[in-house]
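Structure, as structure tokens:
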Amino acid sequence: MDKNELYDVTMDHMMNPRNYGKLESPSAQGIGKNPENGEMVIVYLSISDGKIEDIRFQAKACMTTIIAGSIFTETIKGVTIEESIELAKIMLDKLDQMPPEEAACSEMVAEAFLAALEHFEAKKSDTQALVPTHMISKACVVPKEGE
Numbered sequence: 682m683d684k685n686e687l688y689d690v691t692m693d694h695m696m697n698p699r700n701y702g703k704l705e706s707p708s709a710q711g712i713g714k715n716p717e718n719g720e721m722v723i724v725y726l727s728i729s730d731g732k733i734e735d736i737r738f739q740a741k742a743c744m745t746t747i748i749a750g751s752i753f754t755e756t757i758k759g760v761t762i763e764e765s766i767e768l769a770k771i772m773l774d775k776l777d778q779m780p781p782e783e784a785a786c787s788e789m790v791a792e793a794f795l796a797a798l799e800h801f802e803a804k805k806s807d808t809q810a811l812v813p814t815h816m817i818s819k820a821c822v823v824p825k826e827g828e
């Protein structure tokens, strides 16, 4: 993909985010959170027969997070749980190669997804399992008002 194509894809996801919003009656949900600034992503999963049947997300975060959530959820929808875990790990590995301030938003999406999978597993033995929150390890510097 060349730079123009990447720009077009990014702009499309920014202007028309895919899978944004709450999923009614999800199988599981998880939260990815930035402890430094309070930004967060919630991922909702509908899982059936070992596949991610549907996935949605909500975010209290920057536009980069919305774009990452849109692209990630579009990629994950319809794959098996095992494939989705592998894709999330690949994403996190790639993020380790980026400057922390650039990786934080995407890490929040991946961590929310992994928290949702953790919730799915926990609900097998406890239907009232609490929704897990995964804190991100990268730093996202958000300027304070007036700076």
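Each residue of the sequence shown is one higher than the last, beginning at 682 in this note's numbering.
We put the beta carbon where it would ideally sit given N, CA and C, even for glycine.
| Whether residue 735 touches residue 704 by CB criterion (8 Å) | Yes; because the gap between Cβ atoms is below 8 Å, this pair is in contact.
| request: Quick one: residues in its chain with C-beta nearer than 8 Å to the C-beta of residue 742, no 5 flanking neighbours on either side, listed in chain order? | output: Answer for residue 742: 715, 720, 721, 722, 786 and 789, listed in chain order.
| Which whole runs of the alpha helix (DSSP H) in the segment 728 to 765 are 4 residues long or more, in chain order? | Taking only runs of at least 4 residues, the alpha helix (DSSP H) segments lying wholly in the segment 728 to 765 are 744 to 757.
| query | Under a three-way DSSP split, which group does residue 808 fall into? | reply | If DSSP states are grouped into helix, strand and coil, residue 808 belongs with coil.
| Is the segment 706 to 714 touching the segment 800 to 810, taking contact as three or more C-beta pairs under 8 Å? | Yes: the two stretches touch, three or more of their Cβ pairs being nearer than 8 Å.
| request: Sort 732, 780, 795 and 778 by Cα distance to residue 738 and report the nearest one. | output: Nearest of 732, 780, 795 and 778 to residue 738, Cα basis: 795.
| When DSSP builds the beta bridges, which residues end up paired with residue 714? | Its beta-bridge partners are 721 and 816.
| request: Locate the alpha helix (DSSP H) running through residue 696, then write down its first and last residues. | output: Where residue 696 is concerned, the enclosing alpha helix (DSSP H) starts and stops at 684 to 696.
| Close Cβ partners of residue 755 (< 7 Å) along its chain, the five nearest in sequence each way excluded | Same-chain partners within the cutoff: 699 and 700.
| task | For the alpha helix (DSSP H) containing residue 707, list its first residue and its last residue. | result | First-last for residue 707: undefined, no H or E at that position.
| Under the rule that 16 or more other beta-carbon atoms within 10 Å means buried, what is residue 772, buried or exposed? | Looking at its Cβ environment, which holds 16 or more other Cβ atoms inside 10 Å, residue 772 is buried.
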